[in-house]
Amino acid sequence: MEDVIYLSFALSPIGPKRFQKLLAIFRSAKHAWNGNAQDFKQVGIAEIGFARFDSFKKTFDVAEYLEKLRKTKVEFVPFGDKYYPVRLSEIDAPPIGLFIKGNKKLLVYSSPELDSGSQSVIGVVGARKITSYGSQVTSNLVDELCSAGFVIASGMALGVDGVAHKAAIDNHGLTIAVLGCGVDCPYPRENEKLYEEILDSGGLIISEYPLGMPASPGTFPARNRIIAGISSSVLITEAAEDSGSLITAEHAIKQGKTVFAVPGPITSRMSDGTSKLLKQGAVLVSSASDILEELNVKRPHFAKASRGEQSLRLTKDEKQILTLLENEERTIDEIGKETNIKAAKLSIILSEMELAGLIRNSSGKFAIKNI
Numbered sequence: 040m041e042d043v044i045y046l047s048f049a050l051s052p053i054g055p056k057r058f059q060k061l062l063a064i065f066r067s068a069k070h071a072w073n074g075n076a077q078d079f080k081q082v083g084i085a086e087i088g089f090a091r092f093d094s095f096k097k098t099f100d101v102a103e104y105l106e107k108l109r110k111t112k113v114e115f116v117p118f119g120d121k122y123y124p125v126r127l128s129e130i131d132a133p134p135i136g137l138f139i140k141g142n143k144k145l146l147v148y149s150s151p152e153l154d155s156g157s158q159s160v161i162g163v164v165g166a167r168k169i170t171s172y173g174s175q176v177t178s179n180l181v182d183e184l185c186s187a188g189f190v191i192a193s194g195m196a197l198g199v200d201g202v203a204h205k206a207a208i209d210n211h212g213l214t215i216a217v218l219g220c221g222v223d224c225p226y227p228r229e230n231e232k233l234y235e236e237i238l239d240s241g242g243l244i245i246s247e248y249p250l251g252m253p254a255s256p257g258t259f260p261a262r263n264r265i266i267a268g269i270s271s272s273v274l275i276t277e278a279a280e281d282s283g284s285l286i287t288a289e290h291a292i293k294q295g296k297t298v299f300a301v302p303g304p305i306t307s308r309m310s311d312g313t314s315k316l317l318k319q320g321a322v323l324v325s326s327a328s329d330i331l332e333e334l335n336v337k338r339p340h341f342a343k344a345s346r347g348e349q350s351l352r353l354t355k356d357e358k359q360i361l362t363l364l365e366n367e368e369r370t371i372d373e374i375g376k377e378t379n380i381k382a383a384k385l386s387i388i389l390s391e392m393e394l395a396g397l398i399r400n401s402s403g404k405f406a407i408k409n410i
């Protein structure tokens with residue numbers, strides 16, 4: 040019953056800040072739901088505001104809405120629920136609840152108890168107008184962070200967000216997308232396929248907004264506080280000075296979390312945002328090792344040896360493949376053609392090299408994996 044009241048509040052004209060104040064006074068959502076105009080006045084809700092709330096109460100059909108959730112395969116996780124992210128519950132004005140679609144278990148990874156790096160959530164955000172430099176940096180860092188056990192959280196926007204989600208999926212990692220619209224509304228349209236890939240790969244889509252609600256300029260800053268809220272730290276890989284990702288960084292700083300930033304070419308406008316963060320004290324990142332060391336996370340077992348140390352243990356075929364991939368990505372057919380290694384044997388070798396962290400497979404193309 041209490042969960043249904045949280046859902047009703049989440050859809051009502053009462054925002055997260057007012058709701059937390061009501062909880063502090065009434066001690067339960069049920070008692071707050073039954074409060075009167077005088078009670079609501081204590082938290083700054085004027086008579087006109089209470090009138091809107093009262094009108095909503097009289098017209099809202101919660102049973103009908105629950106049926107909509109069922110049909111769209113969306114769940115609602117109320118504040119205080121065992122699946123509600125611990126970190127998110129500790130921020131200023133946490134969402135009244137989250138509408139979720141996908142792997143619900145990823146929510147529990149947003150816990151301070153997992154700061155050892157074992158499935159800890161890290162936010163990766165940045166520019167929408169991503170450069171080739173930003174794309175490569177984001178992809179490489181996410182590859183290594185996934186290998187170290189991190190869950191990647193981002194906003195499914197164009198640019199860095201999309202690259203981060205895709206890199207996590209391609210590396211068989213886990214990823215959480217936080218939307219600035221209803222969880223049933225893939226946005227932007229260009230990322231509709233990515234939306235499905237996140238769900239198919241065991242990832243999660245979350246939002247504090249109701250079903251069917253479209254994105255608007257005002258929903259994205261609120262969305263950014265959730266990305267920061269569920270993350271142990273936040274990484275900005277590329278950003279202009281006015282990038283919305285800096286809002287995510289600001290939220291992370293206010294929440295006492297570490298902000299990482301990647302330096303970029305000084306001639307690029309898309310480096311102005313990260314340069315600004317570095318001047319303000321963000322941790323400079325030139326490789327995933329910088330993040331792992333700052334967070335005191337153990338490196339993946341395959342990364343303990345240097346490239347030189349690894350090369351001493353490589354077979355002739357493995358060395359030949361690495362030489363071939365030194366400057367260019369190749370498909371398995373291209374590798375087989377140039378190395379004359381039989382297809383069955385080559386498939387096994389590539390799988391073993393990928394598991395060892397020497398190479399990565401991105402959309403059917405193999406490349407050397409930077410360690």
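In the working numbering, each residue carries its 1-based index in the sequence shown increased by 39. All residues carry an ideal CB built from backbone N, CA and C; glycine is no exception. All values derive from a computational prediction rather than experimental measurement.
Spatial neighbours of Ser-325 in its own chain (CB-CB distance under 8 Å, excluding positions within 5 residues in sequence) are listed in chain order as Val-301 and Pro-302.
By the Cβ test, the stretch 162-179 is in contact with the stretch 198-205, since at least three Cβ pairs between them sit closer than 8 Å.
Counting C-beta pairs closer than 8 Å gives three or more between the stretch 309-321 and the stretch 280-293, which meets the contact rule.
With contacts defined as CB atoms closer than 8 Å, Ile-407 and Glu-365 qualify as a contacting pair. Considering only Ser-159, Gln-59 and Ser-255, the residue with the shortest C-alpha distance to Ile-135 is Gln-59. The three-state secondary structure of Ile-53, taken from DSSP, is coil. Shortest Cα-Cα distance from Gly-283 to any of Lys-107, Gly-198, Lys-97 and Lys-381 involves Gly-198.
In this structure, Ile-388 and Glu-357 form a Cβ contact; the two beta carbons are roughly 7 Å apart against a cut-off of 8 Å. Within the stretch 346-406, the complete alpha helix (DSSP H) segments of 4 residues or longer fall at 346-350, 355-363, 371-378 and 382-394, listed in chain order. Of all alpha-carbon atoms in Val-336, Lys-384, Thr-276 and Phe-92, the one lying nearest the alpha-carbon of Pro-304 is that of Thr-276. A straight-line Cα-Cα distance of about 11 Å links Gly-241 and Val-190. Leu-238: member of the alpha helix (DSSP H) spanning 231-239, first to last residue. By the neighbour-count criterion, in which 16 or more other beta carbons inside 10 Å mark a residue as buried, Arg-126 falls on the buried side. With the rule of 3 Cβ pairs closer than 8 Å, the stretch 107-117 does not count as touching the stretch 229-236. DSSP, reduced to helix, strand and coil, places Ala-166 outside both helices and strands of the structure shown, so it counts as coil.
An exposed status is given to Ile-64, since fewer than 16 other beta-carbon atoms sit within 10 Å of its beta-carbon. For the set Gly-219, Ser-272 and Ala-267, the Cα lying nearest the Cα of Pro-249 is the one of Gly-219. When the Cα atoms are used, Phe-48 and Trp-72 turn out to be separated by approximately 8 Å. Here the alpha carbon of Val-222 sits roughly 42 Å from the alpha carbon of Leu-361. Annotated as distal: Ser-270 and Gly-188, with beta-carbon spacing of 8 Å or more. In the DSSP secondary-structure assignment, Phe-299 is bridged to Leu-274 and Val-322.
Per DSSP, the beta-bridge partners of Thr-214 are Ile-191. The closest CA to that of Leu-323, considering only Asp-311, Val-336, Val-298 and Pro-133, is found on Val-298.
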